[in-house]
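In our numbering, the protein residues as written are 431 to 716.
Virtual Cβ for every residue (Gly too), placed ideally from N, Cα, C.
Note that this is a predicted model, so its numbers are computed, not measured.
First up is the structure itself, then whatever we jot down about it.
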Ligand code: ADP
């Protein structure tokens, strides 16, 4: 049986797809992946993008989760409809440094289930990369649905081998097993991994200061070590992170100091270093 993500004809379909010129103005691309749903991938993607914008980087946030787009709610942009300029889609501005596009902006009815096969999803993702007026970006953050299906495959192929993956996991073994597959998926496509983030990792009790490992902890770090990829830290369980997401406030924009904010900032710092490296390569100083 063919074990590759796309079934028959996989070798052919794993080739990069040409998108001439369209993404040349984006210096660095970070694709946020997870093995499982519910581990906080969209929360990490949203806070990474907000954190990069707050650091002064020109940032784009693209949500290609066609079946469960949560970025509009997390970023406080639910119900917003992007405008068009001719054939171009104008991304929605979260602030002057952060432009957002989500499949959720284009659903007539947010309760509607999207029933699309792979090629249709690939067509929509291509439109998001080629027909959105992203302009010059220091970093594009792409939030993919969990797993190694059509959406992450299309995104990585279209962005090419210089797109790097940020893999989010929770500490439980059942999530870690799936993350191993996500790393294998990136390797098969020839994309580097920026690092692994372990979210929902322990709870810092505000009363006694003790850290309680509700879902265990350390699995992400062990996996990073065994897979030879950087470990970018543990983000603790923090009710404020969930509350901010539900209320459409990017957590990092409202909460600067907490164990969770420090952990998010460590991920942002890794992305800033990556964007700076890509900038140097583009200008020939690498
Ligand atoms: P995914 O994109 O992996 O499906 P989400 O980012 O939508 O996951 O997060 C799932 C739920 O967990 C959301 O309600 C979110 O607010 C909450 N959440 C994510 N990370 C944390 C955290 N560190 N602490 C508390 N709640 C969190």
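DSSP bridge partner residues for residue i (one or two, in chain order)
i           : result
residue 573 : 462, 493
residue 633 : 642, 667
residue 525 : 528
residue 628 : 599, 664
residue 456 : 567
residue 594 : 460
residue 519 : 514, 562
residue 623 : 595
Reference residue i; option with closest CA among the options
i           : options            : result
residue 591 : 464, 473, 708, 472 : 708
residue 496 : 459, 455, 589, 541 : 541
residue 570 : 525, 603, 489      : 489
residue 702 : 679, 557, 662      : 662
residue 597 : 512, 608, 523      : 608
residue 629 : 491, 516, 486, 672 : 672
residue 532 : 667, 514, 510, 464 : 510
residue 455 : 589, 536, 644, 526 : 589
residue 675 : 476, 458, 461, 462 : 476
residue 560 : 453, 471, 545, 473 : 453
residue 653 : 643, 605, 681, 698 : 605
residue 576 : 699, 693, 463, 514 : 463
residue 640 : 625, 471, 666, 546 : 666
residue 679 : 480, 615, 655      : 480
residue 525 : 573, 485, 518      : 485
residue 693 : 644, 664, 515, 544 : 664
residue 556 : 483, 470, 518      : 518
residue 695 : 677, 543, 482      : 482
residue 459 : 587, 543, 470, 644 : 587
Other residues of its chain near residue i: CB distance less than 6 angstroms, five sequence neighbours each side excluded
i           : result
residue 622 : 594
residue 534 : 499, 502
residue 568 : 457, 487, 488, 705
residue 389 : Outside the shown range of the chain (431 to 716) lies residue 389, about which nothing can therefore be said.
residue 520 : 512, 513, 563
residue 536 : none
residue 616 : 595, 623
residue 699 : none
residue 548 : 580
Chain-order list of residues whose beta-carbon lies under 7 angstroms from that of residue i (same chain, five-residue window excluded)
i           : result
residue 651 : 628, 661
residue 558 : 492, 494, 531
residue 611 : 465, 578
residue 523 : 529
residue 433 : Any reading at residue 433 needs caution, since the residue's pLDDT is 35, under 50, leaving its predicted position unreliable; the model's value is listed next. There are no such residues.
residue 566 : 455, 488
residue 642 : 632, 633, 635
residue 546 : 496
residue 515 : 563
residue 646 : 601, 602
Cβ separation of residue i and residue j, assumed to be a contact under 8 angstroms, to the nearest whole Å
i           : j           : result
residue 465 : residue 599 : 7 angstroms
residue 562 : residue 461 : Contact flag wrong, Cβ pair sits at about 16 angstroms.
residue 659 : residue 614 : Going by Cβ atoms, the distance from residue 659 to residue 614 rounds to 11 angstroms, so no, they are not a contact pair.
residue 472 : residue 573 : 5 angstroms
residue 602 : residue 649 : 7 angstroms
residue 474 : residue 697 : 7 angstroms
Below-8 angstroms beta-carbon distance, residue i vs any chain C residue
i           : result
residue 578 : Here chain C cannot be found, since the structure has a single protein chain.
Spatial neighbours of residue i in its chain, beta-carbon cut-off 8 angstroms, leaving aside the 5 residues before and after
i           : result
residue 431 : Here residue 431 scores only 32 on pLDDT, less than 50, and its place in the model should not be relied on; the value that follows carries that caveat. Nothing meets the Cβ criterion.
residue 544 : 496, 497, 533, 537
On the three-pair Cβ rule with 8 angstroms, is the region 574-594 touching the region 544-562?
-> yes
The region 626-635 touching the region 499-513, judged by at least three CB pairs closer than 8 angstroms = no
Would you say the region 679-699 touches the region 607-621, given that touching needs at least three Cβ pairs under 8 angstroms?
-> no
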